[in-house]
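**Student:** The structure's right below; bear with me while I get my questions together.
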Amino acid sequence: MQMPDPNAMIIARKAHLVARLQQVLPEDAVIHSDNEVRAYECDALTAYKCPPLAAVLPANTAEVAAVLRICHEEGVPVVPRGSGTSLSGGALPTADAVILGVAKLSDVLETDYDNRFIRVQTGRTNLSVTGAVEQDGFFYAPDPSSQLACAIAGNIAMNSGGAHCLKYGVTTNNLLGVTMVTMEGEVIEVGGAHLDAAGYDLLGVICGSEGQLGVVTEATLRIIAQPEGARPIMLAFDSNEVAGACVSDIIRAGVLPVAIEFMDRPCIQACERFAKAGYPECEALLIVEVEGSDAEIDEQLSKITAIAATHNPVEMRESKSEAESKAIWAGRKAAFGAMGQINDYMCLDGTIPVSELPLVLRRMREMSAQFGLDVANVFHAGDGNMHPLILFDANKPGDLEICEAFGAEILKLCVEVGGCLTGEHGVGIEKRDLMHVQFNRVDLEMQLRVKDVFDPGWLLNPAKVFPLDVTEGRRIIRQTAA
1 MQMPDPNAMI IARKAHLVAR LQQVLPEDAV IHSDNEVRAY ECDALTAYKC PPLAAVLPAN
61 TAEVAAVLRI CHEEGVPVVP RGSGTSLSGG ALPTADAVIL GVAKLSDVLE TDYDNRFIRV
121 QTGRTNLSVT GAVEQDGFFY APDPSSQLAC AIAGNIAMNS GGAHCLKYGV TTNNLLGVTM
181 VTMEGEVIEV GGAHLDAAGY DLLGVICGSE GQLGVVTEAT LRIIAQPEGA RPIMLAFDSN
241 EVAGACVSDI IRAGVLPVAI EFMDRPCIQA CERFAKAGYP ECEALLIVEV EGSDAEIDEQ
301 LSKITAIAAT HNPVEMRESK SEAESKAIWA GRKAAFGAMG QINDYMCLDG TIPVSELPLV
361 LRRMREMSAQ FGLDVANVFH AGDGNMHPLI LFDANKPGDL EICEAFGAEI LKLCVEVGGC
421 LTGEHGVGIE KRDLMHVQFN RVDLEMQLRV KDVFDPGWLL NPAKVFPLDV TEGRRIIRQT
481 AA
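Rendered as structure tokens:
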């Protein structure tokens, strides 16, 4: 008796699925050839790649719902994808999954200045949200370094922040409501254009859930009136630890800058070569920006410079013009790209109490010597959101594994000093096996139960967030039951 050909069965199953998807989407919105799906085989964590079964590009909520209903009926996993800028592997597909990209969902649906909100489709890029309202004197506060490219969908999935999150908060603090489609294809509205909603805070559950509970297609976002003015100051120091101590003292003094950004020497040099921002020669650099009227700015900067002076800075340079301010920020915003020009790197995002900055920076330098890999630091120092860049050679056998081991130790250190594994990049696949470090089995079980409710068949964004040793058996059981 001839056994069935597994490859033939996979090909037939794929053809059946593609045919069904083409019934609800335009033909060019269903991507299924082997060559074309390779464009979706990874996100910005390029160390890991896996071509999906297919990719779809719906243009509205109704089309998203139709796709999810089909995939639910066929038992096919779905990986939601914004712009693919995730640094944690949050949009990495599995070989049996369909990528659901939201790039075509890019419209502004409503703008209300009186009530300070904008409603957009979630494929819209972060920076273009501000672009839609800035001529009228408003802006959208969260500003990840990838804001030129990253989509609001991914910002919501990972609860992204940015340089100005110290004052304005991260995505969850600026998200008022969502339209979300469940895996079964049901469309639900959570929150809205009001400041709070009755009942459970489901919006807080959805924001940061990494695409595991549903596909968010529309978002109502808080917009803020542009400040009267803003001015950065650069503070240069002769050691990372001293710069970290200065940050801690600024926060302890009750001063609330809009941003405090940290860069160490390797990052400073790379950014200077790339952006020519005029950064000084030093071991560590802080960019501190304050907002308000001229009088408010002067008062805040006076306090900050007085604090910095107690740490014997190499240089203190206050911006004197709009052009100088733009140059200062151009260097910081270009940091990841500038480092990428000179070396392969892995970017982490553990978060720590600000008071622990000097200790953590010293321990990271010791780990660098232990693992034999350099590390560059650029991060949101004001809220302790670290972004160490571990430099390695992707073409050197074993270097990636050493880099990952080094990264794991840094993240464990973040938890050890009272912080957490991720500030804004999410867990994805990068940190899933470290979730045991921060959460015990009971903690993880409670989170898994939330996943059970929203996605009983465990089909949304598989193999992410939770350690496989606590999810694979559960996933198989749930999918069998479904």
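Counting along the sequence shown from 1, when you hit position 411 you're at 411 in full-length UniProt numbering, and nothing is skipped either side.
Note that CB positions come from ideal geometry on N, CA and C, so glycine has one too.
1. So ASP112 is in the beta strand (DSSP E); what residue range does that whole segment cover?
2. Would you grab the beta carbon distance between SER88 and VAL427 for me? Rounded to a whole angstrom, and I think it's under 8 Å.
3. Count the other CB atoms within 10 Å of the CB of ASP43; is the residue buried (16 or more) or exposed (fewer)?
4. By a C-beta neighbour count over all protein chains shown, 10 Å radius and 16 as the cutoff for buried, is ILE476 buried or exposed?
5. Short of 7 Å in beta carbon distance, which residues of its chain neighbour LYS333, apart from the five on each side in sequence? Order them along the chain.
6. Roughly how many angstroms lie between the CA atoms of ASP331 and GLY131, to the nearest whole one?
7. With a CB to CB cut of under 7 Å and the five nearest residues on each side skipped, what residues in its chain are close to ILE410?
8. Out of ASN395, SER86, MET435 and ASN461, point me to the one whose CA is closest to PRO52's CA.
9. How is the alpha helix (DSSP H) around VAL102 delimited, first residue to last?
10. Tell me the start and end of each unbroken alpha helix (DSSP H) in the stretch 133-194 that is at least 4 residues and wholly inside, in chain order.
11. Less than 8 Å between C-beta atoms, sequence neighbours within five positions excluded: which residues of the same chain meet that for ASN115?
12. Which residue or residues does DSSP assign as beta-bridge partners of CYS420?
13. If contacts are defined as beta-carbon pairs under 8 Å, then SER160 and GLU424 qualify, I think. What distance do you get, rounded to the angstrom?
14. Using three-state DSSP, classify ASP344 as helix, strand or coil.
15. What residues in its chain sit with their C-beta under 6 Å from that of GLY162, if we drop five residues either side in the sequence?
16. ASP196 by DSSP, collapsed to three states: which one?
17. Between the alpha carbons of ILE188 and GLY101, how many angstroms are there, rounded?
18. Ignoring anything shorter than 4 residues or poking outside the stretch 18-61, list the alpha helix (DSSP H) runs there in chain order.
19. Give the DSSP-derived three-state secondary structure of LEU373 in the structure shown.
20. Checking the sheet assignment: what are the DSSP bridge partners for residue 489?
21. Please list the terminal residues of the continuous alpha helix (DSSP H) segment that includes VAL314.
22. Select from ASN312, LEU286, THR310 and GLU318 the residue whose C-alpha is nearest the C-alpha of LEU301.
23. Is the Cβ-Cβ distance between VAL314 and PRO266 less than 8 Å?
24. Per DSSP, LEU460 forms a beta bridge with which residues?
25. Taking all protein chains shown into account, decide if LYS464 is buried (16 or more other Cβ within 10 angstroms of its Cβ) or exposed.
26. At what residues does the alpha helix (DSSP H) containing ALA245 begin and finish?
27. Between the C-alpha atoms of ALA39 and TYR345, what's the straight-line distance to the nearest angstrom?
28. Just the C-alpha distance for PRO191 and HIS164, rounded to the nearest angstrom, thanks.
29. If CYS420 sits next to GLN447, beta carbons under 8 Å apart, how far is it from one beta carbon to the other, in whole angstroms?
30. Using alpha carbons as the reference points, say which of ALA151, ASN377 and VAL205 lies closest to ALA177.
31. Around the C-beta of ARG81, are 16 or more other C-beta atoms found within 10 angstroms, so that it is buried, or is it exposed?
32. Return the CA-CA distance between MET234 and VAL290, expressed in angstroms with no decimal places.
33. Taking the alpha-carbon positions, what's the PHE454 to THR310 distance?
34. Would you mind giving the Cβ-Cβ distance between LEU175 and LEU203, rounded to the nearest angstrom? I have them listed as a contact below 8 Å.
35. Can you list, in chain order, the residues of its chain with a C-beta nearer than 6 Å to that of ALA259? Leave out the 5 residues immediately preceding and following it.
36. Can you name, in chain order, every residue of its own chain whose Cβ lies under 6 Å from the Cβ of residue 484, other than the five neighbours on each side?
**Tutor:** So, from the listed chains and residues:
1. Run containing ASP112: 108-112, per the beta strand (DSSP E) assignment.
2. 6 Å
3. ASP43 comes out buried.
4. Exposed: under 16 other Cβ atoms inside 10 Å.
5. SER145
6. Residue identity differs from the one stated: residue 331 is Gly in this sequence, not Asp. Distance between the alpha carbons of GLY331 and GLY131: 21 Å.
7. Excluding sequence neighbours, ILE410 sits near LEU348, GLY350, MET364, MET367 and PRO388.
8. ASN461
9. From DSSP, VAL102 is part of no alpha helix (DSSP H); its letter is neither H nor E.
10. Complete alpha helix (DSSP H) runs here, min 4: 152-158 and 165-168.
11. ALA193
12. THR351
13. Contact annotation, SER160 with GLU424: C-beta distance approximately 5 Å; criterion of less than 8 Å satisfied.
14. strand
15. PRO142, ASP143 and PRO144
16. Reduced to three states, the DSSP call for ASP196 is coil.
17. 19 Å
18. Here the runs fully enclosed are 34-37.
19. coil
20. The question about residue 489 has no answer here: the residues shown for the chain are numbered 1 through 482.
21. That residue, VAL314, is in no alpha helix (DSSP H); it is neither H nor E in DSSP.
22. GLU318
23. no
24. VAL78
25. buried
26. Run containing ALA245: 240-252, per the alpha helix (DSSP H) assignment.
27. 21 Å
28. Going by the sequence as given, residue 191 is Gly instead of Pro. Rounded to whole angstroms, GLY191 to HIS164 spans 24 Å at the Cα level.
29. Rounded, the Cβ-Cβ distance is 14 Å, inconsistent with contact.
30. Residue 177 is actually Gly in this sequence, not Ala. Restricting attention to ALA151, ASN377 and VAL205, the CA atom closest to the CA of GLY177 is found in VAL205.
31. ARG81 sits buried, since 16 or more C-beta atoms from the chains shown fall within 10 Å of its C-beta.
32. Whole-angstrom Cα-Cα distance: 12 Å.
33. C-alpha separation (whole angstroms): 53 Å.
34. 7 Å
35. ALA163, HIS164, LEU166 and GLU289
36. This structure cannot settle anything about residue 484, because the visible part of the chain is limited to 1 through 482.
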